[in-house]
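This report refers to the structure that appears directly beneath it.
Number of protein chains: 2
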Amino acid sequence: MPEALPVVAVLTAPGEDLPPGMDALEGEAELRHATDGASLRAVLPGTRVLCVTDFRTDALGEAWDAADSLEWIHATSAGVDAILTPTVRASNLPVTNARGVFDRPIAEFVLGHIIAFCKDFRGNLELQQRHEWRHRDTERVEGRRVLVVGAGAIGRQIARLCRAVGLEVDGMGRSARPGDEDFGAIHAQSELHQRLPGYDFVVVAAPLTPATEGLFDAAAFAAMAPEARFINIGRGPIVRTDDLVAALREGRIAGAALDVFEEEPLPSDHPLWDLPNTHLSAHMAGDVIGWRRSLSEQFIDNFRRWRRGDPLRNLVDKEQGFVPSS
Amino acid sequence: MPEALPVVAVLTAPGEDLPPGMDALEGEAELRHATDGASLRAVLPGTRVLCVTDFRTDALGEAWDAADSLEWIHATSAGVDAILTPTVRASNLPVTNARGVFDRPIAEFVLGHIIAFCKDFRGNLELQQRHEWRHRDTERVEGRRVLVVGAGAIGRQIARLCRAVGLEVDGMGRSARPGDEDFGAIHAQSELHQRLPGYDFVVVAAPLTPATEGLFDAAAFAAMAPEARFINIGRGPIVRTDDLVAALREGRIAGAALDVFEEEPLPSDHPLWDLPNTHLSAHMAGDVIGWRRSLSEQFIDNFRRWRRGDPLRNLVDKEQGFVPSS
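Quick note, the sequences are listed as chains A and B, same order. Positions 12 to 337 (my numbering) are the ones given, in order, by the first sequence. Positions 12 to 337 (my numbering) are the ones given, in order, by the second sequence.
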């Protein structure tokens, strides 16, 4: 009798199909699909590997006591905040993530917004909509100063692209470190308010952890230069949205590009939609054509390592809430 | 009796003041100011140096027979098409231009538009105006192919910035040349239609000359890939605007970013304003804060060379219509 295939459960968002590319596991795993807490409870018994594609899920807590055979949880997202429930954190279960897949697309997105701010692309489009020809002097990109909060894989890729076009880029991590090939300097997060005034662009590329939740509040926005712009491609709750709205409304900062929000989807009556110099997008900065398939391939590669007994890639430090730099 | 100061006439657009920074010539030149053909006629007698800041002027032809002492014409623009009247072209007068000042800002502008197209920033803004949350998969920038038509100083700076972020960039010049540190390959303009299908972005950075006027017509747009975007930061008349409008309307190309137009200002009832995936700006791609002062400084540097008898910088080849690469 052949050995039974290991059971892999994939937890997607409600209403979503299994992601493309997962069919490559046929013959290597018994694939189950759940879309919420109840269906996850139903498929967890016997499941050895859980792959979570819904980065906003709250199904884990609800279904957890049905997990009788679980050996590993993989998240097809960079952020693992929704996975790291207190129970998962306290367990011995390894958690891995999608480190790497989103880095470059997100860095392109951030650089694009920096240039769009400097060149006032939004102003161009608004004038265009009114059929209005109006020459303005715009800003040079070269030499502007960028602070990337979060010196992980995504933050480093942002730094590399920005430096390649002549921006000056520093990073901010848990502790101060000397500059390296990516960052001119790496400041400690404890110095956030002292450091903020020196930058034209402040980019949040940090994971959502107890150390970053609410980091950008009224005091942080007050510390930024009035001509500076704020870009968040990390996680919404790193920002106190009401404080950001007030800072933008009162012109205490000069603009924002936001891809992530405390509440997603952003409610249609939210004040952010109509603020001046504010660019919104629907949590998609890293999602280039083919991204779901890339995530499946990355998971399957890790799954084969797990079957062979090789070390898993992208192992999350569950205390810190992210994959530490190697 | 001290030697009389050389007379310098500055021709600006109608209604414009002398550009900032020109006052540095006090004590070195007798400065005169003209704003149209009639006032230019009045100031030309005795004028040894003419500095033209209006790149759209047609005053030269009208005033020309009043030029009795002219030794040199400088244009504070990259394009010198308005200066190179048949008479100027046939004369021995040296013509210099603003080569260098606009290169980097224009390259930043072009790269910004490439990223904005890939990431659909316009779609984001239109959704935002409707308070609509809609996730889309967007395009990767890395690895996309760019053809820069015009392998001069501006084209090369565009290539450098684009290559720095992972785009593949070829150039197009009068004749084919091997690739170099800026371009993967340089194609001959005679091969335009054969080469166009291979590129995701086609950027016009060429001067307006008899060889480039109307280069982008219906046949050129038909040769482009349907998913390709067209970017013009060169000169409007390099493009047959009606053909471009038709190509955009019928989806034969995927979009355009236009900073220059056959008629400027673009008339408010022009069909371009409302076309899908078309980004318009008011001939300002290179005009970063302080640009007028930079242009004055560049002219004054050349003026001091001229007084000392040193070779002028940025000497235009009047046959070709631009400053040849050194």
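Positions of the beta carbon are idealized from the N, C-alpha and C atoms, including for glycine.
Assuming residue i and residue j make a contact with CB atoms under 8 Å, what is their CB distance in whole Å?
{"i": "A/Pro97", "j": "A/Ala77", "result": "Contact doesn't hold; Cβ gap of about 17 Å is too wide."}
{"i": "B/Phe227", "j": "B/Gly247", "result": "That belief does not hold up - the Cβ atoms of B/Phe227 and B/Gly247 are roughly 11 Å apart, past 8 Å."}
{"i": "A/Val106", "j": "A/Val91", "result": "6 Å"}
{"i": "B/His85", "j": "B/Cys62", "result": "5 Å"}
{"i": "A/Asn108", "j": "A/Asn243", "result": "Their Cβ separation, rounded to whole angstroms, is 19 Å, which puts A/Asn108 and A/Asn243 out of contact at 8 Å."}
{"i": "B/Gly163", "j": "B/Phe333", "result": "6 Å"}
{"i": "B/Pro116", "j": "B/Gly297", "result": "5 Å"}
{"i": "A/Ala40", "j": "A/Leu16", "result": "5 Å"}
{"i": "A/Leu259", "j": "A/Leu219", "result": "Contact doesn't hold; Cβ gap of about 22 Å is too wide."}
{"i": "A/Asp211", "j": "A/Arg171", "result": "Not quite, the Cβ-Cβ distance comes to about 18 Å (not below 8 Å), so this is no contact."}
{"i": "A/Glu348", "j": "A/Gly48", "result": "Residue 348 of chain A is absent from the model: chain A starts at 12 and stops at 337."}
{"i": "B/His290", "j": "A/Asn103", "result": "Actually they are not in contact, since the Cβ atoms of B/His290 and A/Asn103 sit about 53 Å apart, beyond 8 Å."}
{"i": "B/Ile264", "j": "B/Pro237", "result": "7 Å"}
Going by alpha carbons, who is nearest to residue i out of the options?
{"i": "A/Val157", "options": "A/Asp270, A/Leu259, A/Leu104, A/Ile197", "result": "A/Ile197"}
{"i": "A/Arg206", "options": "A/Arg263, A/Gly184, A/Ala101", "result": "A/Gly184"}
{"i": "A/Gly266", "options": "A/Asn288, A/His281, A/Glu202, A/Arg110", "result": "A/Asn288"}
{"i": "B/Ile249", "options": "B/Pro322, B/Pro276, B/Val215", "result": "B/Val215"}
{"i": "A/Asp148", "options": "B/Gly48, B/Gly134, B/Ser292", "result": "B/Ser292"}
{"i": "B/Ala369", "options": "B/Ala217, B/Leu255, B/Asn243", "result": "Residue 369 of chain B lies beyond the stretch modelled for chain B, which goes from 12 to 337, so this question has no answer here."}
{"i": "A/Val60", "options": "A/Phe314, A/Val180, A/Lys329", "result": "A/Phe314"}
{"i": "A/Phe66", "options": "A/Ile84, A/Ala24, A/Trp75", "result": "A/Ala24"}
{"i": "B/Met270", "options": "B/Ala20, B/His124, B/Pro237, B/Ala74", "result": "Looking at the sequence shown, residue 270 of chain B is not Met but Asp. Of the candidates B/Ala20, B/His124, B/Pro237, B/Ala74, the one whose C-alpha sits nearest the C-alpha of B/Asp270 is B/His124."}
{"i": "B/Glu153", "options": "B/Leu138, B/Ile126, B/Val160, B/Gly163", "result": "B/Ile126"}
{"i": "B/Gly209", "options": "B/Gly225, B/Glu179, B/Gly190", "result": "B/Glu179"}
{"i": "A/Gly161", "options": "A/Ala187, A/Val176, A/Glu150", "result": "A/Ala187"}
{"i": "B/Ala231", "options": "B/Asn103, B/Thr68, B/Ser201", "result": "B/Ser201"}
{"i": "B/Gly225", "options": "B/Ala239, B/Arg240, B/Asp211, B/Leu203", "result": "B/Leu203"}
{"i": "B/His294", "options": "B/Ala89, B/Glu261, B/Asp328", "result": "B/Ala89"}
{"i": "B/Asp69", "options": "B/Leu51, B/Asp79, B/Gly38", "result": "B/Leu51"}
{"i": "B/Gly32", "options": "B/Ala49, B/Pro17, B/Leu306", "result": "B/Leu306"}
{"i": "A/Asp79", "options": "A/Phe132, A/Thr58, A/Glu73, A/Lys329", "result": "A/Thr58"}
{"i": "A/Gly111", "options": "A/Arg155, A/Ile94, A/Pro322, A/Ile169", "result": "A/Ile169"}
{"i": "A/Ala53", "options": "A/Gly38, A/Glu37, A/Trp75", "result": "A/Trp75"}
{"i": "B/Thr64", "options": "B/Ser102, B/Leu95, B/Val21", "result": "B/Val21"}
{"i": "B/Gln331", "options": "B/Leu283, B/Arg319, B/Ala217, B/Arg316", "result": "B/Ala217"}
{"i": "B/Asp28", "options": "B/Arg303, B/Ala118, B/Arg319", "result": "B/Arg303"}
{"i": "B/Arg151", "options": "B/His142, B/Lys130, B/Glu143", "result": "B/Lys130"}
Could you give the residue range of the alpha helix (DSSP H) that holds residue i?
{"i": "A/His146", "result": "A/His146 -> no alpha helix (DSSP H), and no H or E assigned at all."}
{"i": "A/Val176", "result": "Here A/Val176 belongs to no alpha helix (DSSP H), and DSSP marks it neither H nor E."}
{"i": "A/Ala231", "result": "229–234"}
{"i": "A/Asn313", "result": "302–319"}
{"i": "B/Ala258", "result": "252–260"}
{"i": "B/His204", "result": "203–206"}
{"i": "B/Arg6", "result": "No answer is possible for residue 6 of chain B: the residues shown for chain B start at 12 and end at 337."}
{"i": "B/Ala101", "result": "97–101"}
Quick one: list the residues of chain B neighbouring residue i, beta-carbon separation under 7 Å, in chain order.
{"i": "A/Trp144", "result": "Pro276, Leu277, Ala293"}
{"i": "A/Ala127", "result": "Gly123, Ala127, Phe132"}
{"i": "A/Leu255", "result": "Within 7 Å Cβ-Cβ: nothing; A/Leu255 doesn't reach chain B, min ~15 Å."}
Using a C-beta to C-beta distance shorter than 7 Å, which residues of chain A count as neighbours of residue i?
{"i": "B/Ala175", "result": "Ala175, Val176"}
{"i": "B/Val152", "result": "Glu119"}
{"i": "B/Arg133", "result": "Leu136"}
{"i": "B/Leu172", "result": "Val176"}
{"i": "B/Gln139", "result": "Trp284, Leu291"}
Show which residues of chain B have a CB atom less than 9 Å away from the CB atom of residue i.
{"i": "A/Asp148", "result": "Met295, Asp298, Val299, Ile300, Gly301, Trp302, Arg303"}
Hey, could you find the ends of the beta strand (DSSP E) residue i is sitting in?
{"i": "A/His290", "result": "289–291"}
{"i": "A/Leu42", "result": "41–45"}
{"i": "A/Leu269", "result": "266–269"}
{"i": "A/Val121", "result": "Unbroken run through A/Val121 is the alpha helix (DSSP H), 114–130; no beta strand (DSSP E)."}
{"i": "A/Ala49", "result": "That residue, A/Ala49, is in no beta strand (DSSP E); its alpha helix (DSSP H) goes 48–54."}
{"i": "B/Ala77", "result": "Neither: B/Ala77 is in no beta strand (DSSP E) and is coded neither H nor E."}
{"i": "B/Val19", "result": "18–22"}
{"i": "A/His198", "result": "197–199"}
{"i": "A/Arg156", "result": "156–160"}
(Q) To be precise: take each residue of the segment 258–292 of chain A, compare its Cβ to all Cβ atoms of chain B, and keep it if any distance is under 7 Å. Which residues remain? (A) Pro276, Leu277, Ser279, Trp284, His290, Leu291, Ser292
Q.
Can you pull out the residues from the segment 301–312 of chain B whose beta carbon lies closer than 9 Å to at least one beta carbon of chain A?
A. Gly301, Trp302, Arg303
Q | the segment 111–123 of chain A: positions lying closer than 9 Å to chain B by Cβ | A | Arg115, Pro116, Ala118, Glu119, Phe120, Leu122, Gly123
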